[in-house]
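Engineer: Just passing along the structure, written as structure tokens.
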Amino acid sequence: MLNFLIFMLASTLRMGTPIALTALGGLTSERSGVVNIGLEGIMLASAFGAVLGSYLTGNPWIGVLTAILVGVLISAIHSVISITWGGNQSVSSMALVLLATGFSGVGLKAVFGQQGSSPQVPSLEHTPILSSIPVVGGFLSDLSPFVYIAFLALILIHCMFKYTPLGLRIITVGENPKAAETAGLSVHKIRYFSVILSGVLGGLGGAFLSLGQMNLFQEGMVAGRGYLALGAVTMGRWSPIGAFASSMFFGLFSAIQLYVQTIPGNPVPSEFIQMIPYLASLLVLAVSLKKNSSAVGIAASGKPYTKFVQQR
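Laid out in structure tokens, this is it:
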């Protein structure tokens with residue numbers, strides 16, 4: 012029984028971490044009033060960037076840095092279109108998903124000369140720092156460094172929104188950008204920062220998939236996790252702790268899926284088993300929204316802002 016619980020906990024953390032990292036990024040963007048439904052694209056392009064960096068240098072940490080840079084680049088494009096140009100934020104972010112899909116496919120062919128997947132590259136080793144802890148030491152030492160990075164990101168993002176002036180400014184810009192501008196805040200600069208930060212965290216989420224869980228890139232390897240991250244933000248009511256917990260909840264159902272597939276003689280079709288995390292997320296999100304139907308999201312979410320001085 013203990014082994015089963017440890018397996019489920021480890022699998023939940025492993026499957027929930029990329030969703031949690033990306034959800035924290037999506038949360039930061041949305042709190043500033045910028046919708047980013049292109050988290051899937053950020054993860055996909057960053058997963059490819061991570062493998063590319065590791066392949067070219069032989070250093071997986073350089074791969075992680077490359078993934079972050081790719082995430083920042085994609086987020087910067089979204090920022091220019093949606094913040095500076097005032098374009099439709101949903102259309103812009105969805106277009107970036109298509110761009111990322113094409114970028115990774117063309118990149119595979121151009122760099123590695125093959126389609127479908129890349130060759131294996133150096134990946135991040137699991138950390139043995141906590142292996143001496145009784146009972147759970149072996150389990151903790153088998154976790155990817157990204158798991159610890161995710162918890163660190165949660166603490167930093169939570170503290171930023173709860174205890175720092177920067178977090179308050181982001182919230183103010185997302186709720187009432189005109190009042191924020193009147194108070195002397197630069198709405199555009201704060202939104203740029205928030206969207207770029209979402210690219211950093213989404214880049215880490217993508218890097219985890221290709222260098223933390225695996226040691227290669229596969230087309231379609233994100234498999235909807237970006238959309239699960241978006242759902243986690245909504246289900247968590249735009250709270251860092253809520254979004255993180257929701258991500259781990261989705262990770263739990265992914266862990267259940269993995270466990271069910273290991274049961275000998277299981278009569279359930281594998282295709283249905285693979286649907287478990289997504290069906291669970293839809294059901295839970297629907298129930299959550301129904302119970303909180305009176306609650307509202309971010310007041311200025313998705314609304315382009317023109318500087319007050321230009322409106323007079």
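Be aware that the sequence shown starts at 12, since it is given in my numbering, and climbs by one per residue. Every residue gets a Cβ at the ideal spot worked out from N, C-alpha and C, and that includes glycine.
Can you give the beta carbon distance from residue 90 to residue 207, rounded, assuming they're within the 8 Å contact cut?
Structural biologist: Taking the sequence shown and counting its residues from 1, the one referred to as residue 90 is at position 79. Taking the sequence shown and counting its residues from 1, the one referred to as residue 207 is at position 196. Confirmed, Cβ separation roughly 7 Å.
Engineer: Please state whether DSSP places residue 268 in a helix, a strand or coil.
Structural biologist: Within the sequence shown, the letter at position 257 stands for residue 268. Residue 268: helix per DSSP, three-state reduction.
Engineer: When we look at the beta-carbon of residue 102 and count the other beta-carbons within 10 Å, is it buried (16 or more) or exposed?
Structural biologist: In the sequence shown, the residue the question calls residue 102 occupies position 91. So residue 102 counts as exposed.
Engineer: Assign residue 224 to one of three DSSP states: helix, strand, or coil.
Structural biologist: If you number the sequence shown from 1, residue 224 lands on position 213. DSSP places residue 224 in helix when its eight states are reduced to three.
Engineer: Indicate whether the contact test is met: 3 or more Cβ pairs, each with one atom in the segment 245-259 and one in the segment 62-70, closer than 8 Å.
Structural biologist: No, the segment 245-259 does not touch the segment 62-70.
Engineer: Whose C-beta lies closer than 7 Å to the C-beta of residue 77 among residues of the same chain, with five residues either side of it excluded?
Structural biologist: In the sequence shown, counting from the first residue as 1, residue 77 sits at position 66. Correct list, in chain order: 60, 61, 63 and 64.
Engineer: What are the residues that DSSP puts in a beta bridge with residue 128?
Structural biologist: Numbered from its first residue, the sequence shown carries residue 128 at position 117. Bridge partners of residue 128: 229.
Engineer: Does DSSP put residue 249 in a helix, in a strand, or in coil?
Structural biologist: Here residue 249 refers to the residue found at position 238 when the sequence shown is read from its first residue. Here residue 249 sits in coil by DSSP.
Engineer: Have a look at 309, 260, 135 and 114 and flag the residue whose alpha-carbon is nearest the alpha-carbon of residue 19.
Structural biologist: Along the sequence shown, read from residue 1 onward, the residue named residue 19 stands at position 8. For the residues 309, 260, 135 and 114, the minimum Cα distance to residue 19 belongs to 260.
Engineer: Do residue 220 and residue 54 come within 8 Å of each other at the CB atom, strictly closer than that value?
Structural biologist: Within the sequence shown, numbered from 1, the residue matching residue 54 stands at position 43. Within the sequence shown, numbered from 1, the residue matching residue 220 stands at position 209. The answer is yes: Cβ separation under 8 Å.
Engineer: Helix or strand or just coil, what does DSSP make of residue 254?
Structural biologist: Mapped onto the sequence shown, residue 254 falls at position 243. Helix at residue 254.
Engineer: Could you tell me the distance, in whole angstroms, from the CA atom of residue 161 to the CA atom of residue 312?
Structural biologist: Position 150 of the sequence shown, counted from the first residue, corresponds to residue 161. Position 301 of the sequence shown, counted from the first residue, corresponds to residue 312. Looking at the two C-alpha atoms, the distance is approximately 25 Å.
Engineer: In angstroms with no decimal places, state the Cα-to-Cα distance between residue 137 and residue 120.
Structural biologist: In the sequence shown, counting from the first residue as 1, residue 137 sits at position 126. In the sequence shown, counting from the first residue as 1, residue 120 sits at position 109. Whole-angstrom Cα-Cα distance: 30 Å.
Engineer: Taking DSSP as the reference, what is the three-state secondary structure of residue 19?
Structural biologist: Numbered from 1 along the sequence shown, position 8 holds the residue referred to as residue 19. Three-state result, residue 19: helix.
Engineer: Report the rounded CA-to-CA distance for residue 3 versus residue 218, giving the unit in angstroms.
Structural biologist: Here the chain covers residues 12 to 323 and nothing more, so residue 3 does not appear.
Engineer: Label residue 232 either buried or exposed according to how many other C-beta atoms from any shown protein chain fall within 10 Å of its C-beta, with 16 as the threshold for buried.
Structural biologist: Position 221 of the sequence shown holds residue 232. It counts as buried.
Engineer: Please confirm whether residue 240 and residue 30 have their CB atoms less than 8 Å apart.
Structural biologist: For this step, residue 240 is matched to residue 229 along the sequence shown. For this step, residue 30 is matched to residue 19 along the sequence shown. Cβ atoms of residue 240 and residue 30: closer than 8 Å.
Engineer: So residue 24 and residue 158 are in contact, right, with Cβ under 8 Å, and what is the actual spacing, rounded?
Structural biologist: What you label residue 24 is simply residue 13 of the sequence shown in a count that begins at 1. What you label residue 158 is simply residue 147 of the sequence shown in a count that begins at 1. That belief holds up - the Cβ atoms of residue 24 and residue 158 are roughly 5 Å apart, short of 8 Å.
Engineer: Going by CA-CA distance only, name the one from 32, 317 and 27 that's closest to residue 184.
Structural biologist: Looking up residue 184 in the sequence shown gives position 173. Closest option to residue 184, Cα to Cα, is 317.
Engineer: CA-CA distance, residue 213 and residue 32?
Structural biologist: What you label residue 213 is simply residue 202 of the sequence shown in a count that begins at 1. What you label residue 32 is simply residue 21 of the sequence shown in a count that begins at 1. The straight-line gap from Cα to Cα measures roughly 6 Å.
Engineer: Look at the Cβ atom of residue 314, then the Cβ atom of residue 44, and state whether they are nearer than 8 Å.
Structural biologist: Counted from its first residue, the sequence shown places residue 314 at position 303. Counted from its first residue, the sequence shown places residue 44 at position 33. Yes; because the gap between Cβ atoms is below 8 Å, this pair is in contact.
Engineer: Determine the burial state of residue 323: buried for a count of at least 16 other Cβ atoms within 10 Å of its Cβ, exposed for fewer.
Structural biologist: Translated into positions along the sequence shown, residue 323 becomes position 312. Any reading at residue 323 needs caution, since the residue's pLDDT is 42, under 50, leaving its predicted position unreliable; the model's value is listed next. With fewer than 16 other Cβ atoms within 10 Å, it is exposed.
Engineer: Over the uninterrupted alpha helix (DSSP H) stretch that includes residue 77, give me the two end residues.
Structural biologist: Position 66 of the sequence shown, counted from the first residue, corresponds to residue 77. Note, residue 77: alpha helix (DSSP H), 71-90.
Engineer: Should residue 203 be labelled buried (16 or more other beta-carbon atoms within 10 Å of its own) or exposed?
Structural biologist: Residue 203 sits at position 192 when you count from the first residue of the sequence shown. Buried is the call here.
Engineer: By DSSP, does residue 174 sit in helix, in strand, or in coil?
Structural biologist: In the sequence shown, counting from the first residue as 1, residue 174 sits at position 163. Note: residue 174 maps to helix in three-state DSSP.
Engineer: Would a C-beta distance cut-off of 8 Å place residue 265 and residue 280 closer than the cut-off?
Structural biologist: As a first step, residue 265 is located in the sequence shown; it is residue number 254 there, counting from the start. As a first step, residue 280 is located in the sequence shown; it is residue number 269 there, counting from the start. The answer is no: Cβ separation not under 8 Å.
Engineer: Which of the three DSSP states is assigned to residue 65 in this structure?
Structural biologist: By one-based count along the sequence shown, residue 65 stands at place 54. Reduced to three states, the DSSP call for residue 65 is helix.
Engineer: Taking all protein chains shown into account, do 16 or more other C-beta atoms lie within 10 angstroms of the C-beta of residue 28, making it buried, or fewer, making it exposed?
Structural biologist: As a first step, residue 28 must be located in the sequence shown, where it is residue number 17. Buried is the call here.
Engineer: Could you tell me if residue 192 is buried or exposed, where buried requires 16 or more neighbouring beta carbons within 10 angstroms of its beta carbon?
Structural biologist: Translated into the one-based positions of the sequence shown, residue 192 becomes position 181. Its Cβ being crowded by 16 or more others within 10 Å, residue 192 is buried.
Engineer: At which residues does the alpha helix (DSSP H) containing residue 282 begin and terminate?
Structural biologist: Against the sequence shown, residue 282 aligns to sequence position 271. From DSSP, the alpha helix (DSSP H) with residue 282 extends over 281-285.
Engineer: Could you have a look at residue 169 and say whether DSSP puts it in helix, strand or coil?
Structural biologist: Walking along the sequence shown from the start, residue 169 turns up at place 158. Reduced to three states, the DSSP call for residue 169 is helix.
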